[in-house]
Amino acid sequence: MSIIGKEKEPNKVKEAETNKMLTPWQKENLKYAKRQGEIPKWQENEPGEQPIKEEKESQYVETMSDSEKDQEFNSVLDYENQIEKETFNERFHHWWTPGNKKLVQRLTLIISILLFAIMCVSYFISPYSKLQKINVVGRENVSASNVYQASGFKVQESLWGQYLDKNKAIARIKKDLPKVKTAKVSITHLNQFTVQISEYKQVGYLQSGDQYQEITENAKIITGSVKKTDNYPTFKNFKEGSSFTDLIRGYQKMDAAIKKNVVEVLATPSKSNPYLFTMNMKDGNQIIASTKDFTTKIIYYPKIASQMQEKGIVDMEAGIFSYPYGNNTNKSEKTD
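Put into structure tokens, the structure is as follows:
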């Protein structure tokens with residue numbers, strides 16, 4: 073045992089002396105070769121020649137310029153990084169076993185759930201979870217403040233709590249504002265509501281004394297007095313109901329030229345026919361018709377009016393008759 077130790081000792085000393093004479097590149101190359109179980113090519117010379125080569129290498133390094141030394145040093149660093157990278161890849165390959173894969177997957181799932189929970193809590197305690205503003209778009213005659221008030225939405229209160237109850241808010245808007253035809257609530261800009269509405273079109277005015285109320289296309293009479301304009305005809309002595317609905321629907325189906333000629337519509341029911349009404353026209357004539365069938369007869373009015381020699385009445389209650397004012401004894405019948 074002691075003999076072997078003595079034989080190895082000189083070799084270690086010699087090896088240490090040899091390493092001192094190696095260049096940085098040779099040292100790294102020697103380390104790599106030992107790990108691979110190989111001998112560097114520059115060490116394959118005879119033992120007696122090695123010191124000579126090492127001396128030459130040492131002399132070569134001493135004669136190198138500063139830029140060449142820096143270049144040599146950088147190449148050594150690159151080489152070391154390559155070796156470290158290869159070592160990491162080897163270690164990772166041995167570590168990445170099926171058991172460790174499952175462990176990593178479980179940890180990833182747990183961390184993801186925790187991060188999601190933290191994000192949710194942070195969101196709900198932040199100002200972004202509170203309603204900041206309400207925008208109303210699509211309106212024509214309905215005011216934005218009325219829509220906001222009817223909706224019941226509250227600024228600086230829970231955004232999602234109110235959004236989940238949006239159908240109730242839409243129902244309140246339609247109930248309080250009869251002119252609103254449709255309403256849609258959406259989230260915009262993270263914490264704002266946009267209320268998109270459409271309105272029923274106006275078709276006329278209901279006159280009660282010297283007060284006027286709007287009549288919409290769905291035969292609803294809007295509460296509240298408004299100032300009358302000449303854009304729509306006036307309806308008198310009517311109230312909401314099936315007969316009034318039939319009249320408004322039929323009126324909207326009339327030819328545009330005939331509608332523009334209508335000045336006033338009066339409810340004139342009789343004992344035999346409670347659905348009668350009278351239209352006063354701009355051309356000076358009157359039309360008597362029933363809400364049940366006037367849409368199929370009124371299309372003939374322009375032709376009948378052009379054949380009348382005097383201003384008078386066009387009776388569409390039973391068939392179609394025309395006669396001058398104050399003379400209903402000699403009726404001229406026009407069949408459809």
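Under the working numbering, the first residue of the sequence shown carries the number 73, and numbering increases by one thereafter.
Using N, Cα and C, we set each Cβ at its ideal position, and we do this for glycine too.
This one's a predicted model, so the numbers in the text were calculated from it and none came from an experiment.
Worksheet item: Considering only residues of the same chain and omitting the five flanking positions on each side of Lys383, which have a CB-CB separation below 8 Å?
Response: On the sequence shown, residue 383 is found 311 positions in, with the first residue counted as 1. For Lys383, where only same-chain residues beyond five positions count, the Cβ hits under 8 Å are Asp355, Gly356, Asn357, Pro396 and Tyr397.
Worksheet item: What are the boundary residues of the alpha helix (DSSP H) that includes Pro250?
Response: Counted from its first residue, the sequence shown places residue 250 at position 178. That residue, Pro250, is in no alpha helix (DSSP H); it is neither H nor E in DSSP.
Item to complete: Rounded to whole angstroms, what's the CA-CA distance from Glu389 to Leu348? Just pull it up for me.
Response: Taking the sequence shown and counting its residues from 1, the one referred to as residue 389 is at position 317. Taking the sequence shown and counting its residues from 1, the one referred to as residue 348 is at position 276. C-alpha separation (whole angstroms): 8 Å.
Discussion item. Is Asp387 a contact residue of the ligand NAD, with contact defined as CB to any heavy atom under 7 Å?
Written reply: No copy of the ligand NAD occurs in the structure displayed, which carries no ligand at all.
Worksheet entry | Cβ neighbours of Pro119 in the same chain (closer than 8 Å, five flanking residues each side left out) | Counted from its first residue, the sequence shown places residue 119 at position 47. Any reading at Pro119 must be qualified, since the residue scores a pLDDT of 48, below 50, and its modelled position is unreliable; no value is offered.
Worksheet item: Leaving out five residues before and five after Leu278 in sequence, what residues of the same chain have Cβ atoms less than 6 Å from its Cβ?
Response: Within the sequence shown, residue 278 is the residue found at index 206, counting from 1. Closer than 6 Å at the Cβ level, and outside the excluded window around Leu278, lie Gln285, Ile287, Ile293 and Phe307.
Fill in: Neighbourhood of Asn352 by C-beta, 7 Å cutoff - its chain only, sequence neighbours within 5 removed
By 1-based counting over the sequence shown, the position of residue 352 is 280. Here the set comprises Val335, Glu336 and Gln358.
Worksheet item: Of the residues Ser258, Gln379, Gly276 and Gln274, which one's Cα is nearest the Cα of Gln268?
Response: Here residue 268 corresponds to residue number 196 of the sequence shown, with the count starting at 1. The candidate whose alpha carbon is nearest that of Gln268 is Ser258.
Fill in: Spatially closest choice to Tyr372 from Leu338, Pro341, Asp327 and Ser344, by CA coordinates
Stepping through the sequence shown from its first residue, residue 372 is reached at position 300. Among Leu338, Pro341, Asp327 and Ser344, the Cα nearest to that of Tyr372 is on Asp327.
Fill in: the region 306 to 322 / the region 363 to 372 touching (three or more Cβ pairs under 8 Å)
yes
Item to complete: Report the rounded CA-to-CA distance for Ile206 versus Gly276, giving the unit in angstroms.
Response: The residue labelled residue 206 in the question sits at position 134 within the sequence shown. The residue labelled residue 276 in the question sits at position 204 within the sequence shown. The alpha-carbon atoms of Ile206 and Gly276 are separated by roughly 32 Å.
Practice prompt. Note the first and the last residue of the continuous beta strand (DSSP E) segment covering Tyr235.
Written response: Position 163 of the sequence shown, counted from the start, is the residue given in the question as residue 235. Premise fails: Tyr235 lies in the alpha helix (DSSP H), Leu231 to Leu236, not in any beta strand (DSSP E).
Worksheet item: Just the Cα atoms here: how many angstroms apart are Gln264 and Val227?
Response: The residue you call residue 264 lines up with position 192 of the sequence shown. The residue you call residue 227 lines up with position 155 of the sequence shown. Answer to the nearest angstrom: the Cα atoms are 9 Å apart.
Worksheet item: Can you give the Cα-Cα distance for Thr340 and Ser217, rounded to whole angstroms?
Response: The count along the sequence shown starts at 1 and reaches residue 340 at position 268. The count along the sequence shown starts at 1 and reaches residue 217 at position 145. The alpha-carbon atoms of Thr340 and Ser217 are separated by roughly 40 Å.
Worksheet item: Shortest alpha-carbon distance to Trp232 belongs to which of Gly210, Thr260, Glu289 and Leu249?
Response: By one-based count along the sequence shown, residue 232 stands at place 160. When only C-alpha atoms are compared, the closest one is Thr260.
Worksheet entry | Backbone CA spacing between Pro305 and Asn213 [nearest angstrom] | One-based indexing of the sequence shown puts residue 305 at position 233. One-based indexing of the sequence shown puts residue 213 at position 141. The straight-line gap from Cα to Cα measures roughly 19 Å.
Item to complete: Can you grab the Cα-Cα spacing for the pair Leu236 / Ser184, in whole Å?
Response: In the sequence shown, counting from the first residue as 1, residue 236 sits at position 164. In the sequence shown, counting from the first residue as 1, residue 184 sits at position 112. In a straight line, the C-alpha of Leu236 is about 27 Å away from that of Ser184.
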